[in-house]
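What follows is one structure encoded as structure tokens, with my remarks underneath.
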Amino acid sequence: MSLTKPIFSLLSYLLIALAMTACGGSSDTQSSSINTGSTDTDTDTDTSTACDAPVTELSSAFLEFVAAPNVTVVLSEDGCTVSLESAGKPDHTSSYWDAANASGLYVEPEDAELFNQQRSPGDIEDYINDYDLTVPVAPELAATPSATPLGAIGIAISGAPIFNDSEGNGDVSFGVIQGFDRNGAHTGPETYHYHIEPKAISYDDDGLVGIMADGFFIYGRRDYETGEYPSDLDESNGHIGLTLYSESEEGEYHYHISNEQYLNGEYYLIFPGNFQGTPSDIN
Ligand SMILES: [Zn+2]
Ligand SMILES: [Zn+2]
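At position 259 of the sequence shown (counting the first as 1) the number is 487 in the working numbering, and the numbers step up by one without a gap.
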């Protein structure tokens with residue numbers, strides 16, 4: 229019985245997307261939508277495809293992104309690339325929402341005095357963003373890994389960006405961590421963003437966390453197949469294996485949140501390593 233569940237969710241999302249299209253409204257701003265690209269199923273094969281294996285349907289992993297408000301996912305006409313667009317604001321509670329709680333998502337910090345000392349300036353509402361990321365539907369490992377830049381290096385399923393293990397010119401420090409909300413995130417310089425395991429998305433589990441700029445998905449600390457912490461990870465906490473959304477028996481390359489305790493605390497950096505694929509710009 230449980231096997232049918234993902235199919236029903238997929239269908240319901242597609243129906244929602246279709247319904248929104250049918251209403252004639254443009255699918256921007258407040259609504260989330262998934263666009264499965266050309267519905268032309270003719271066999272008029274265009275020989276000049278931009279990739280080896282174009283798809284007609286996106287991985288159902290993308291449904292987790294469009295479940296968040298203000299996230300849009302579109303498959304390209306040629307079936308080779310997928311574009312995500314996000315307003316950068318999370319769909320979960322945070323002490324970084326305005327304390328007047330217009331969003332309904334403000335929560336008190338665990339330690340208000342400490343948080344107010346260490347927090348970053350600005351509320352989530354103060355940042356106006358639009359993050360675009362276009363990646364291949366079938367990303368490949370690069371010949372050589374590449375370092376992550378400052379700023380957005382991935383987009384979480386909540387719609388907010390993922391940052392690396394740096395804060396400005398240095399590593400994320402204990403002082404900086406004390407100013408994080410319960411989701412390992414804070415504001416500034418341009419957006420609310422995560423550095424550490426975002427508990428509202430993944431807490432010591434195998435759930436989908438987001439997509440990195442090289443097109444590979446990132447999952448929680450545990451392995452989908454074994455329920456244990458994976459032991460065969462590369463320097464970027466990646467490996468080839470099964471995930472909740474694998475479409476083949478051998479699985480595919482994906483990353484995990486680092487399972488190494490950062491600064492000897494219960495803090496787990498989301499992505500301290502290098503990209504193992506070829507990153508696209510997030511802008
Ligand atoms: Zn930061
Ligand atoms: Zn894995």
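Built from N, CA and C at the ideal position, the CB exists for glycine as well.
Between the CA atoms of residue j and residue i - distance to the nearest angstrom
{"i": "Ser-401", "j": "Leu-333", "result": "27 angstroms"}
{"i": "Pro-500", "j": "Ala-289", "result": "23 angstroms"}
{"i": "Gly-398", "j": "Thr-284", "result": "43 angstroms"}
{"i": "Leu-497", "j": "Asn-487", "result": "8 angstroms"}
{"i": "Phe-503", "j": "Glu-341", "result": "37 angstroms"}
{"i": "Glu-418", "j": "Val-437", "result": "21 angstroms"}
{"i": "Gly-493", "j": "Ile-424", "result": "11 angstroms"}
{"i": "Thr-362", "j": "Asp-509", "result": "8 angstroms"}
{"i": "His-482", "j": "Ala-371", "result": "16 angstroms"}
{"i": "Tyr-495", "j": "Gly-396", "result": "19 angstroms"}
{"i": "Glu-338", "j": "Ala-296", "result": "25 angstroms"}
{"i": "Ser-323", "j": "Gly-307", "result": "40 angstroms"}
{"i": "Ile-429", "j": "Ser-474", "result": "19 angstroms"}
{"i": "Gly-387", "j": "Ala-328", "result": "22 angstroms"}
{"i": "Ser-459", "j": "Gly-479", "result": "16 angstroms"}
Near ligand 1: residue i beta-carbon under 7 angstroms from a heavy atom
{"i": "Glu-395", "result": "yes"}
{"i": "His-320", "result": "no"}
{"i": "Glu-391", "result": "The identity of residue 391 in the sequence shown is Phe, whereas the question assumes Glu. Yes, the beta carbon of Phe-391 sits closer than 7 angstroms to at least one heavy atom of ligand 1."}
Beta-carbon gap between residue i and residue j smaller than 8 angstroms
{"i": "Tyr-359", "j": "Ser-314", "result": "yes"}
{"i": "Leu-286", "j": "Leu-303", "result": "yes"}
{"i": "Gly-412", "j": "Pro-389", "result": "no"}
{"i": "Gly-469", "j": "Glu-456", "result": "no"}
{"i": "Thr-415", "j": "Pro-349", "result": "yes"}
{"i": "Ile-197", "j": "Tyr-422", "result": "Past the edges of the chain, shown from 229 to 511, lies residue 197, and the structure says nothing about it."}
{"i": "Pro-507", "j": "Ser-374", "result": "yes"}
{"i": "Gly-443", "j": "Gly-379", "result": "no"}
{"i": "Thr-309", "j": "Val-365", "result": "yes"}
{"i": "Gly-316", "j": "Asn-357", "result": "yes"}
{"i": "Leu-461", "j": "Asp-434", "result": "no"}
When you compare the region 402–411 with the region 447–464, are there three or more beta-carbon pairs, one atom per stretch, that lie closer than 8 angstroms?
No, they do not touch.
Are three or more beta carbon pairs between the region 426–440 and the region 383–392 nearer than 8 angstroms?
Of all C-beta pairs linking the region 426–440 to the region 383–392, three or more are shorter than 8 angstroms, placing the two stretches in contact.
Ligand 2 site residues, beta-carbon cut 7 angstroms against heavy atoms
This selection yields Tyr-447, Asp-451, Tyr-452, Pro-458, His-467, Gly-469, Thr-471, His-482 and His-484.
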